[in-house]
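Report on one structure; see the data block that follows.
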Amino acid sequence: MSRIVRWDPFREMVSMRSQMDRLMSDVFSAPAVWQNDEYAGYMRLALDVSENDDNYTVHASVPGINAEDLEISFTENTLAIKGETKDERVDENEKWHLRERRFGSFMRTISLPISINADAIEAHFENGVLTLTLPKAEEVKPRRIAIKPNEQKTVEAIAA
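Quick note: the sequence shown, position 61, residue 80 per this note's numbering, numbers continuous.
Right under this line is the structure:
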């Protein structure tokens with residue numbers, strides 16, 4: 020059974036705007052794409068960021084990179100992950116038919132919306148995945164506030 024749907028030009032405009040926003044976001048998050056031919060060495064670092072009451076957790080996919088080739092810094096609630104992948108070609112005379120892997124430097128920064136206890140940040144690296152645990156500062160952690168029971172006071176009436 021077919022369903023007839025009324026055409027709404029604004030729905031299409033909103034959809035087109037959403038697609039353009041996504042396109043522009045991709046372009047401006049990778050400035051080397053639109054500046055010049057440096058794209059050949061550009062590598063985008065994929066991140067997953069989650070949060071619970073105590074921590075932010077960041078997982079970064081860095082396949083083929085050694086832990087020694089990564090540099091992690093945290094300043095003013097901004098986490099920066101830098102690294103470099105090296106091209107280990109053996110024969111310069113090889114003719115390439117397809118070359119999709121990227122080599123060179125990369126950097127990814129993310130700003131966190133709340134204070135972090137920078138002295139307690141932990142980093143672990145296993146099987147090409149960098150995992151960072153960023154503990155929230157004590158002043159921003161949720162706290163349970165106990166309600167103090169009221170003391171029952173009795174008021175005696177004065178007879179007149």
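Glycine included, C-beta positions come from ideal geometry on N, C-alpha and C.
- Contact check for L131 against L153 passes: the beta carbons are separated by less than 8 Å.
- At the C-beta level, I100 and R127 come within 8 Å of one another.
- The closest CA to that of S80, considering only L89, D72 and S134, is found on L89.
- Our two residues, R118 and D106, have alpha carbons roughly 12 Å apart in a direct line.
- Excluding sequence positions up to five before and after E70, its CB lies within less than 8 Å of the CB of T76, all in the same chain and listed in chain order.
- At the C-beta level, L64 and F122 stay beyond 8 Å of one another.
- By the C-beta density criterion, L42 is exposed, having fewer than 16 other C-beta atoms within 10 angstroms.
- In the DSSP assignment, I100 falls within the unbroken beta strand (DSSP E) covering T97 to T104.
- For P168, there is no enclosing beta strand (DSSP E), since its DSSP letter is neither H nor E.
- Distance from the CA atom of M35 to the CA atom of R25, rounded to whole angstroms, is 18 Å.
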